[in-house]
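S.K.: If you scroll down you'll find the structure; I have some questions about it.
Protein chains: 2
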Amino acid sequence: MKTLITIALGAATVAVLLAQSSDTPQFTGKDELVVPNDYREWIYLSSGLGMTYGPIADASADRSPMFDNVFVAPTAYRAFLSTGKWPEKTMFVLEARSSNSKGSINNAGHYQTDRMGFEIEVKDTARFPGNGWAFFAPQGKTAKMIPRTASCYTCHPANGAVDNTFVQFYPTLLPIAKEKGTLKAQP
Amino acid sequence: MKTLITIALGAATVAVLLAQSSDTPQFTGKDELVVPNDYREWIYLSSGLGMTYGPIADASADRSPMFDNVFVAPTAYRAFLSTGKWPEKTMFVLEARSSNSKGSINNAGHYQTDRMGFEIEVKDTARFPGNGWAFFAPQGKTAKMIPRTASCYTCHPANGAVDNTFVQFYPTLLPIAKEKGTLKAQP
Numbered sequence: 500m501k502t503l504i505t506i507a508l509g510a511a512t513v514a515v516l517l518a519q520s521s522d523t524p525q526f527t528g529k530d531e532l533v534v535p536n537d538y539r540e541w542i543y544l545s546s547g548l549g550m551t552y553g554p555i556a557d558a559s560a561d562r563s564p565m566f567d568n569v570f571v572a573p574t575a576y577r578a579f580l581s582t583g584k585w586p587e588k589t590m591f592v593l594e595a596r597s598s599n600s601k602g603s604i605n606n607a608g609h610y611q612t613d614r615m616g617f618e619i620e621v622k623d624t625a626r627f628p629g630n631g632w633a634f635f636a637p638q639g640k641t642a643k644m645i646p647r648t649a650s651c652y653t654c655h656p657a658n659g660a661v662d663n664t665f666v667q668f669y670p671t672l673l674p675i676a677k678e679k680g681t682l683k684a685q686p
Numbered sequence: 500m501k502t503l504i505t506i507a508l509g510a511a512t513v514a515v516l517l518a519q520s521s522d523t524p525q526f527t528g529k530d531e532l533v534v535p536n537d538y539r540e541w542i543y544l545s546s547g548l549g550m551t552y553g554p555i556a557d558a559s560a561d562r563s564p565m566f567d568n569v570f571v572a573p574t575a576y577r578a579f580l581s582t583g584k585w586p587e588k589t590m591f592v593l594e595a596r597s598s599n600s601k602g603s604i605n606n607a608g609h610y611q612t613d614r615m616g617f618e619i620e621v622k623d624t625a626r627f628p629g630n631g632w633a634f635f636a637p638q639g640k641t642a643k644m645i646p647r648t649a650s651c652y653t654c655h656p657a658n659g660a661v662d663n664t665f666v667q668f669y670p671t672l673l674p675i676a677k678e679k680g681t682l683k684a685q686p
């Protein structure tokens, strides 16, 4: 019986550790955090191909557009399902990948290939001024905060449908935000 | 102490149940299974836009191409990371979504909108003849096996890079299959 209890306690601990690994930001300095390298095991929100916020001319000549994939940490995702809001310590990852058209049996359209980069977005209102969100660029095992002069700090709060995030582009979350009444009025 | 042990046992049980919900096929009949409605919480593998296996002419005039998203059950994913092979009871979901170009602040490229359909792929060599894989189409809460005359039953084994699956289009799994030596020779 004692062995069984030990196994059960061990299993519970392992389960909790697995669930929380990298699920919330681990800061290594004022403006630095550990890169959550397992973000591909987080919850997938959506992808775009060649999404363009600026003038159309920027994209029209692009024959090799990039895919972007968005992932959110599981704990934050579950909170959003319940409330339509992002809790403290929410983490997003935006990943960019090259596209290819011809390969194997595919001969038109686009599929994803190599990762070209990724960025991390974190909500921590006690740590970050303004609306409490900050963006980070990976540099090896840690990620440095992107300077506040970057356009993401003005575009996200101005245009994100929920808080600092583009829920209008996440088709499984948009109905939840509508139901919970957490959508901002859109411009 | 007894209370603590009970809580620990409870937590372990809950964790195991959460991890396994819908993670393996639950058959309701010879050729029917329960639709795994939480597949969006599985592991994301990749997306394509307007991927076309047939003549290019089929796709060239398509101004509203569809996205496809591929998800695999977490237990099968973890086995693949270790072995480069898909274990018995592996489940995949292929989801098709409409695309949109103009919406919110986006004015070029494509982002995902409504789900247009999805299919389930299952490996169970004791149940399915041939190479042990079968495809299912949802009809409400259950999914019916797609007839063996469908093209998926010939195309997947002929062209899938690993077993019955298109690992050549899953950029995080392809290096694992190469490392483990489980890639088929490509035509």
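Chains as they are written, first to last, in our numbering: chain A, 500 to 686; chain B, 500 to 686. Yeah, the Cβ is synthetic: ideal placement off N, Cα and C, and Gly gets one too.
1) Would T653 of chain A be called buried (16 or more neighbouring beta carbons within 10 Å of its own) or exposed?
2) Please name the residue or residues paired with E587 of chain B in a DSSP beta bridge.
3) Could you tell me whether the Cβ of I675 of chain B comes closer than 7 Å to any Cβ of chain A?
4) If distances are taken between C-alpha atoms only, which option among A:G553, A:P646 and A:N568 comes closest to S545 of chain A?
5) Apart from the five residues just before and just after N605 of chain A, which ones in its own chain have a Cβ nearer than 7 Å to its Cβ?
6) By how many angstroms is the C-alpha of F627 of chain A removed from the C-alpha of F635 of chain B?
7) In terms of alpha-carbon separation, which member of A:A625, A:F579 and A:A633 lies closest to T648 of chain A?
8) Of all the CB atoms in chain B, is at least one closer than 7 Å to the CB of F668 of chain A?
9) Using 7 Å as the limit for Cβ to Cβ distance, is T681 of chain B near chain A?
10) Between the stretch 607-623 of chain A and chain B, which residues of the former have a C-beta closer than 9 Å to a C-beta of the latter?
11) Do you know whose CA, among A:F668, A:F566, A:Y552 and A:L672, lies nearest M615 of chain A's CA?
12) Using the rule of at least 16 other Cβ atoms within 10 Å of the residue's Cβ for burial, across every protein chain shown, is F526 of chain A buried or exposed?
13) Cβ of M565 of chain B less than 7 Å from any chain A Cβ?
14) What does the alpha-carbon distance come out to for the pair G553 of chain A and K601 of chain B?
15) Evaluate G549 of chain B with the Cβ neighbour count: other Cβ atoms within 10 Å of its Cβ, from every protein chain shown; 16 or more gives buried, anything less gives exposed.
16) Would T671 of chain A pass as an interface residue toward chain B - the criterion being a Cβ-Cβ separation below 7 Å?
17) Would you mind sorting E678 of chain A into buried or exposed? The rule is 16 or more other CB atoms within 10 Å of its CB.
18) So, for A511 of chain B: in the same chain, excluding its five sequence neighbours on each side, which residues have a beta-carbon less than 7 Å away from its beta-carbon?
M.R.: Quick answer:
1) That one is exposed.
2) Its beta-bridge partners do not exist; DSSP assigns none.
3) At a cut-off of 7 Å between beta-carbon atoms, I675 of chain B makes no contact with chain A.
4) Measuring C-alpha to C-alpha distances from S545 of chain A to each of A:G553, A:P646 and A:N568 identifies A:N568 as the nearest.
5) So the list is empty, once near-sequence residues are dropped.
6) About 48 Å.
7) Of the listed residues, the one whose Cα sits closest to T648 of chain A is A:A633.
8) At least one chain B Cβ lies under 7 Å of F668 of chain A.
9) At a cut-off of 7 Å between C-beta atoms, T681 of chain B does not count as an interface residue with respect to chain A.
10) For the stretch 607-623 of chain A, which is checked against every Cβ of chain B, the residues closer than 9 Å are A607, G608, H609, Y610, Q611, T612, D613 and R614.
11) Nearest C-alpha to M615 of chain A: A:F566.
12) Flag for F526 of chain A reads exposed.
13) Taking Cβ atoms only, chain A never reaches closer than 7 Å to M565 of chain B, which makes this a no.
14) Whole-angstrom Cα-Cα distance: 12 Å.
15) Buried, by the Cβ-count rule.
16) Yes, contact with chain B.
17) Sixteen is the threshold: since fewer than 16 other Cβ atoms of the shown chains lie within 10 Å of the Cβ of E678 of chain A, the residue is exposed.
18) Note that A511 of chain B scores 47 on pLDDT, short of 50, meaning its location in the model is unreliable; the coordinates nonetheless yield the value given after this. Excluding residues within five positions, none has a Cβ falling inside 7 Å.
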